[in-house]
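Everything in the sequence shown is counted per my numbering, starting at 9 for the first residue and increasing by one. For reference, the structure is listed below as structure tokens.
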Amino acid sequence: MAGYRKLGKTSSQRKALIRSQVTALLYNGKIVTTEARAKEIRKVAEGLIALAVKEKDNFETVKVTAKVARKDKDGKRVKEVVNGKKVTVYDEVEKEIKKDLPSRLHARRQMLKVLYDVTEVPAQAAGRKKNTKSVDLPKKLFEEVGPKYVSRNGGYTRIVKIGQRKGDGAMAVVLELV
């Protein structure tokens with residue numbers, strides 16, 4: 009007996025489908041899909057959440073000095089003339105950053121192996137292309153999802169049947185984070 013469902017796809021298509029569905033589940037909190045797909049997605053998603061729960065506090069804060077460009081009231085860089093050239097003015101700023109310890113770094117890379125990049129697009133039509141932001145899903149897993157499930161030993165997702173799909177009669181379900 010096979011250890012996984014083939015879902016009627018080639019291996020590369022199946023992996024891409026599972027990756028995209030897991031990414032959508034962790035970004036949105038719930039997805040609607042078929043029962044067989046949901047059971048396969050659940051395996052992968054629960055593993056990633058378990059990693060996040062295990063490694064959520066495994067970092068150290070470090071003070072770092074960084075050079076940041078000085079900006080005027082409009083948000084443009086301030087420039088001054090030095091030896092006949094316009095040069096940007098930089099200020100040194102101290103920042104506190106979170107530095108992953110080796111096991112958390114490994115967990116982050118394991119997550120990035122599965123998750124696709126997510127780009128957040130603003131709802132209003134004006135400036136939709138310019139104002140897009142890239143979402144750091146591993147960071148979201150470590151900071152939001154991990155602490156939420158600390159007291160829970162597995163079972164981070166729920167499958168709720170919602171009836172048969174109209175087109176092909178497949179059982180449709182909602183897969184959601186508990």
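Built from N, CA and C at the ideal position, the CB exists for glycine as well.
Supposed contact pair residue j and residue i - C-beta distance, whole angstroms, cut 8 Å
i: Leu145; j: Lys38; result: Not confirmed; about 16 Å, so no contact.
i: Lys147; j: Glu128; result: Their Cβ separation, rounded to whole angstroms, is 13 Å, which puts Lys147 and Glu128 out of contact at 8 Å.
i: Leu109; j: Phe67; result: 6 Å
Beta-carbon spacing of residue i, residue j below 7 Å
i: Lys87; j: Lys94; result: yes
i: Val72; j: Ile49; result: no
i: Ala77; j: Arg85; result: yes
i: Lys31; j: Leu123; result: Correcting the residue type first, residue 31 is Thr in the shown sequence and not Lys. Closer than 7 Å, so yes.
i: Ala115; j: Leu59; result: yes
i: Val168; j: Glu43; result: no
i: Tyr12; j: Val126; result: no
i: Ile26; j: Val153; result: no
For residue i, the first and last residue of its enclosing alpha helix (DSSP H)
i: Gln29; result: 19-36
i: Val129; result: Neither: Val129 is in no alpha helix (DSSP H) and is coded neither H nor E.
i: Ser111; result: 110-122
i: Glu184; result: Careful: Glu184 lies outside any alpha helix (DSSP H), inside the beta strand (DSSP E) at 179-185.
Residue range of the unbroken beta strand (DSSP E) whose run includes residue i
i: Ala77; result: 67-77
i: Val143; result: 141-143
Residues sharing a beta bridge with residue i, DSSP
i: Val95; result: Glu88
i: Arg166; result: Glu184
i: Ile57; result: Ile57 pairs with nothing; no bridge assigned.
Secondary structure of residue i, DSSP reduced to three states
i: Lys81; result: coil
i: Gly171; result: strand
i: Lys47; result: helix
i: Lys106; result: strand
i: Val52; result: helix
i: Val101; result: strand
i: Val40; result: strand
i: Lys158; result: The sequence shown places Val at residue 158, not Lys. Note: Val158 maps to coil in three-state DSSP.
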